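Peer 1: In order, the protein sequences belong to chains A and B.
Numbered per our numbering, the first sequence spans residues 1 to 322.
Numbered per our numbering, the second sequence spans residues 323 to 644.
We treat Cβ as the ideally placed atom computed from N, Cα and C, and that holds for glycine.
All figures in this text were calculated on a predicted structure; none of them were measured in a lab.
Next up is a structure, given as structure tokens.
2 protein chains.
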Amino acid sequence: MAEVHAAESRARPHLLTTPAIASAALSAELGAPVLLKCENLQHTGSFKARGALSKVLALTPDELDRGIVTALTGNHGTAVAYAGAIVGVAPLVFVPDDANPTKLAAIERHGGRVEVHGSDSVESELAARRRAEDDGITFISPYNDAAVIGGQGTIGLELLEQVPDLAAVFVAVGGGGLASGVAAAIKAAAPAVRVIGCSPATSAVMYHSLRAGAILEMPSEPTLSDGTAGGVEPGTITFGLLASLLDDFVTVEERDIRRAFLELIEMEHLLVEGSAAMAYAAARTYARDQASHAEGTTAVILSGGNVGREKLRQILAERGGE
Amino acid sequence: MAEVHAAESRARPHLLTTPAIASAALSAELGAPVLLKCENLQHTGSFKARGALSKVLALTPDELDRGIVTALTGNHGTAVAYAGAIVGVAPLVFVPDDANPTKLAAIERHGGRVEVHGSDSVESELAARRRAEDDGITFISPYNDAAVIGGQGTIGLELLEQVPDLAAVFVAVGGGGLASGVAAAIKAAAPAVRVIGCSPATSAVMYHSLRAGAILEMPSEPTLSDGTAGGVEPGTITFGLLASLLDDFVTVEERDIRRAFLELIEMEHLLVEGSAAMAYAAARTYARDQASHAEGTTAVILSGGNVGREKLRQILAERGGE
């Protein structure tokens, strides 16, 4: 929680307080107010700007002089580029050779310098860590870092202020940085508010790890919720945080994620990325499986809105589940 | 202006103050701050909720008892259904036989009763007016009504509050209800703020009418900005308002509207309808054609976000102009 407040005081001037918008469709279906916390409208189009800013603004002038390196994992590369520009540093962003050109353009637009290393995101992250060690520069982790987690937690502070009768929060879990930060911020101030993690059923490494009591290495299937896909770093501090802070955890089927994605477009007028649609679907899945509801307002964190044109075209072209 | 304040006091409890979000891409390109006023996030997904609410809340109990009828023109049908639900009246919404099923579902979800009349929006509007006369019930015009225009003007009040250094506003013009209301609100309080109307070049009936000094009947070509397409009602009060209130008027080419639509998705993370993309494109077109810029912030009104899945699929599938 101290990390959240430290992040808040460092990063606030460069962050948007994103709107929490009533969901007409989901509120009607669940019979209780549901708000959508629109991190898709945050700078760089995702919550990742919060953590990256918190981290970069915590670096010493000497560390900044030596430089910053990170890897493209989802929106994190763009967020670090954005944060770097604010402190006048052009970060190195290592990307795999099949990286999405839209993301590369976004990184470069924010002043990041792209280097291609490896053929997937694990390889480029390893290369980035190696470069950091070799050259004595700072590697910025997407989630295994207290300052990054503290930055994501500023969403929790905003929610507590925006939603006086907040009862539950649905938050997507990949590496767990977002969920750890949000849960820390909320549980410190309002322990009765339930924080519920969610992951796609096809790639729920943290979910299975928490159930097993240890971080597992396990395969992931493809998912529309690509922002939360993939493995979990051994020894990540998010594991212990989530184990102690989350009230519950729900996994979501692909067909429900896709339905949520289309419903968000057509009924809520929001274009979000798969992981955000996953959290929206999770609120529905969870309500369906519960006998009783908490009193008060449910918030769903729409973690980001970065959807490339090709991806969008693909999702719309699929006919299943309609 | 009195109508705007009356609308504000009637409708405010049921309206969202929509966010005005910085446009990173357009601000960088224009070299001056540009804010996007997100009416796509308004109830029902468009500014039309403002005018419809203002009008319905101005009806007497006796008028409400007799009932309300309107026609589906863009988002207006849904907005009237939304407003009707608030006062406990289920409006009749006349639609043409080829109406978009997504829009019909939205009207019914808000409690409106759909009736099919005619084969295009002009015919169903005529039928709705006839029904209103025959049955002594109230017809709600999409733009030719002072209470409706006053409702749209509440956007202007919000902008003046949200943007202290507001210098210019770009606002889409179809029938002219939105532009009349916004211009009235802004010019009354801050006459130096420039209000610039915009229409697609292929369907710019009000633009040509204002130049000619009289409302013209003229053909319209198809446009991605379908929310502003079509003819202008003879004798509409918006004509005189726009003639006296607008500072300038710009027409926008289809390729520029399409580019704006895709840029809003990929760079601003906003899914908007064609007429909103048209206003965004207008700010760029206008800046390109002007020798000098005003000091201060430019606001672009993103009028709505209702894009059906099929329409979205079509736009993404077209390859031209990329």
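(1) DSSP on residue 494 of chain B, reduced to helix/strand/coil?
(2) According to DSSP, is residue 115 of chain A helix, strand or coil?
(3) What does DSSP give as the partner residues of residue 519 of chain B in its beta bridges?
(4) What residue range is occupied by the uninterrupted alpha helix (DSSP H) comprising residue 459 of chain B?
(5) To the nearest whole angstrom, what separates the beta carbons of residue 299 of chain A and residue 37 of chain A, a pair I think is in contact under 8 Å?
(6) For residue 239 of chain A, which three-state DSSP category applies?
(7) Got a sec: does the ligand MG put a non-hydrogen atom nearer than 7 Å to the Cβ of residue 236 of chain A?
(8) Which of the residues in the stretch 415–445 of chain B, read from start to end, lie with their CB under 7 Å from any CB of chain A?
(9) What residue range does the alpha helix (DSSP H) around residue 652 of chain B cover?
(10) With a 10 Å radius around its C-beta and 16 neighbouring C-beta atoms as the bar for buried, classify residue 211 of chain A as buried or exposed.
(11) So, residue 94 of chain A versus residue 69 of chain A, is the Cβ gap smaller than 8 Å?
(12) For residue 290 of chain A, is the classification buried or exposed, using 16 other Cβ atoms within 10 angstroms of its Cβ as the cut-off for buried?
(13) If we count Cβ pairs, one from each stretch, closer than 8 Å, do we get three or more for the stretch 20–36 of chain A versus the stretch 52–69 of chain A?
(14) Using only CA atoms, which one of B/574, B/502, B/607, B/591 lies nearest to residue 558 of chain B?
(15) Less than 8 Å between the beta carbons of residue 504 of chain B and residue 527 of chain B, yes or no?
(16) Kindly give me the distance between the Cβ atoms of residue 20 of chain A and residue 116 of chain A, rounded to whole angstroms, as I take these residues to be in contact under 8 Å.
(17) For residue 324 of chain B, does the count of other Cβ atoms within 10 angstroms reach 16, so buried, or fall short, so exposed?
(18) Leaving out five residues on either side along the sequence, give the residues of the same chain with a beta carbon under 7 Å from the beta carbon of residue 446 of chain B.
(19) Residue 334 of chain B and residue 266 of chain A look like a contact to me (Cβ under 8 Å); what is the Cβ gap, rounded to whole Å?
(20) Nearest-angstrom Cα distance between residue 475 of chain B and residue 344 of chain B?
(21) Please tell me whether residue 588 of chain B has its Cβ less than 8 Å away from any Cβ of chain A.
(22) Residues of chain B with CB closer than 7 Å to the CB of residue 45 of chain A, please, in chain order.
(23) Which chain B residues sit within Cβ distance under 9 Å of residue 306 of chain A?
(24) What residue range does the alpha helix (DSSP H) around residue 508 of chain B cover?
(25) Got a sec: is the Cβ-Cβ distance from residue 21 of chain A to anything in chain B below 8 Å?
(26) Rounded to whole angstroms, what is the Cα-Cα separation between residue 322 of chain A and residue 29 of chain A?
(27) Helix, strand or coil for residue 368 of chain B? Go by DSSP, reduced to three states.
(28) Based on DSSP bridge pairs, tell me the residues matched to residue 90 of chain A.
(29) With a threshold of 8 Å between beta carbons, is residue 639 of chain B in contact with chain A?
(30) Hey, is residue 466 of chain B's beta-carbon within less than 8 Å of any beta-carbon in chain A?
(31) Would you call the stretch 399–410 of chain B and the stretch 418–436 of chain B in contact, with 3 or more CB pairs under 8 Å?
(32) Nearest chain A C-beta to residue 635 of chain B closer than 8 Å, yes or no?
(33) Suppose you measure from the CA of residue 552 of chain B to the CA of residue 396 of chain B; what does that come to, to the nearest Å?
(34) Just checking my contact of residue 257 of chain A with residue 274 of chain A at CB under 8 Å: how many whole Å lie between their CB atoms?
(35) Along the chain, where does the beta strand (DSSP E) containing residue 343 of chain B start, and where does it finish?
(36) Our contact map puts residue 148 of chain A next to residue 177 of chain A with C-beta atoms below 8 Å; I'd like the distance itself, whole angstroms only.
Peer 2: In short, the structure shows the following:
(1) Here residue 494 of chain B sits in strand by DSSP.
(2) Correct three-state label for residue 115 of chain A: strand.
(3) Per DSSP, B/493, B/571.
(4) No alpha helix (DSSP H) holds residue 459 of chain B; DSSP gives it neither H nor E.
(5) Their Cβ separation, rounded to whole angstroms, is 5 Å, which keeps residue 299 of chain A and residue 37 of chain A in contact under 8 Å.
(6) Helix, per DSSP.
(7) Ligands are entirely absent from the displayed structure, and the ligand MG is therefore not among its contents.
(8) Answer set for the stretch 415–445 of chain B: 424.
(9) For chain B, the structure presents residues 323 to 644; residue 652 of chain B sits outside this window and is missing.
(10) With fewer than 16 Cβ atoms within 10 Å of its Cβ, residue 211 of chain A is classed as exposed.
(11) Yes, the pair counts as a contact, with Cβ atoms nearer than the cut-off.
(12) When all chains shown are included, residue 290 of chain A counts as exposed.
(13) No, the stretch 20–36 of chain A does not touch the stretch 52–69 of chain A.
(14) For the residues B/574, B/502, B/607, B/591, the minimum Cα distance to residue 558 of chain B belongs to B/502.
(15) No, they are not a contact pair.
(16) Rounded to whole angstroms, the Cβ separation of residue 20 of chain A and residue 116 of chain A is 39 Å, and the two are not in contact under 8 Å.
(17) That one is exposed.
(18) Around residue 446 of chain B: 393, 394, 416, 417, 418, 439, 440.
(19) Contact between residue 334 of chain B and residue 266 of chain A fails: their C-beta atoms lie close to 28 Å from each other, not under 8 Å.
(20) Cα to Cα, the separation comes out at about 21 Å.
(21) Taking 8 Å as the CB threshold, residue 588 of chain B lines the interface with chain A.
(22) 591, listed in chain order.
(23) For residue 306 of chain A, the neighbours in chain B by C-beta distance under 9 Å run, in chain order, 588, 591.
(24) Note, residue 508 of chain B: alpha helix (DSSP H), 499–511.
(25) Answer yes: the Cβ-Cβ gap between residue 21 of chain A and chain B drops below 8 Å somewhere.
(26) Note that residue 322 of chain A has pLDDT 43, beneath the 50 cutoff, so the model's placement of it is unreliable and the number below is only indicative. Roughly 18 Å between the two C-alpha positions.
(27) If DSSP states are grouped into helix, strand and coil, residue 368 of chain B belongs with the strands.
(28) DSSP output for residue 90 of chain A lists no bridge partner at all.
(29) For residue 639 of chain B, the answer is yes, since a Cβ of chain A falls inside 8 Å of its Cβ.
(30) Residue 466 of chain B does not count as touching chain A.
(31) Touching, yes.
(32) Output row for residue 635 of chain B: interface = yes.
(33) Whole-angstrom Cα-Cα distance: 11 Å.
(34) Right, their Cβ atoms sit about 6 Å apart.
(35) Note, residue 343 of chain B: beta strand (DSSP E), 342–344.
(36) Their Cβ separation, rounded to whole angstroms, is 6 Å, which keeps residue 148 of chain A and residue 177 of chain A in contact under 8 Å.
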